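First up is the structure itself, then whatever we jot down about it.
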Amino acid sequence: MSIHGVELTAQRVGGSPITEAEVDRIFASLSSNIAIHTVDIASDLNVGTLSFMLSVECPNGLDAESLVPGIVDDALERALEGQSGAEIQQHALTFTPAFC
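Heads up: the sequence shown begins at 2 in this note's numbering, then just goes up one per residue.
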């Protein structure tokens with residue numbers, strides 16, 4: 002397995018606030034995903050913006066540059082499901098090379 006870093010931001014459509022309970026739920030969802038190795042979240046709750054730094058495990062021999070962003074997209078989509086109120090959507094995704 003190799004570990005790769007992914008940075009991304011998500012923002013609530015319309016820029017309405019995000020509650021701490023929502024951030025906790027999103028963090029728990031991402032942390033429980035078997036493909037996600039570590040999760041760091043920074044947030045501006047009043048503006049409705051979340052910034053993530055995730056490390057993702059990728060089996061050796063697979064093309065991490067195409068596989069890892071897909072893993073993160075799926076994990077983030079599941080984490081953001083079920084939001085009450087305005088939708089939170091992925092805003093930007095940056096794949097960074099392996100750091101472990």
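Even glycine gets a Cβ: it sits at the ideal position worked out from N, Cα and C. It should be emphasised that the depicted structure is a prediction, and the values quoted were computed from it without experimental measurement.
Per-residue DSSP class, three states only, for residue i
i, result
"I42", "strand"
"I37", "strand"
"I19", "coil"
N-terminal and C-terminal residue of the alpha helix (DSSP H) that residue i is part of
i, result
"A65", "65–81"
"I1", "For residue 1 there is no data in the structure shown, the boundaries of the chain being 2 and 101."
Residue i burial status per 10 Å Cβ neighbour count (16 or more: buried)
i, result
"V48", "exposed"
"V14", "exposed"
"E23", "buried"
"L63", "exposed"
Span of the beta strand (DSSP E) around residue i
i, result
"S56", "50–59"
Distance between residue j and residue i (C-alpha atoms, nearest Å)
i, j, result
"I26", "L81", "Strictly speaking, residue 26 in this sequence is Arg, with Ile absent from that position. One C-alpha to the other measures close to 9 Å."
"F28", "I42", "7 Å"
"G16", "T10", "13 Å"
"D74", "D45", "21 Å"
"V40", "A76", "11 Å"
**Asked** Touching or not, the region 55–68 and the region 26–41, by the rule of three or more beta carbon pairs under 8 Å?
**Response** Short answer: they touch.
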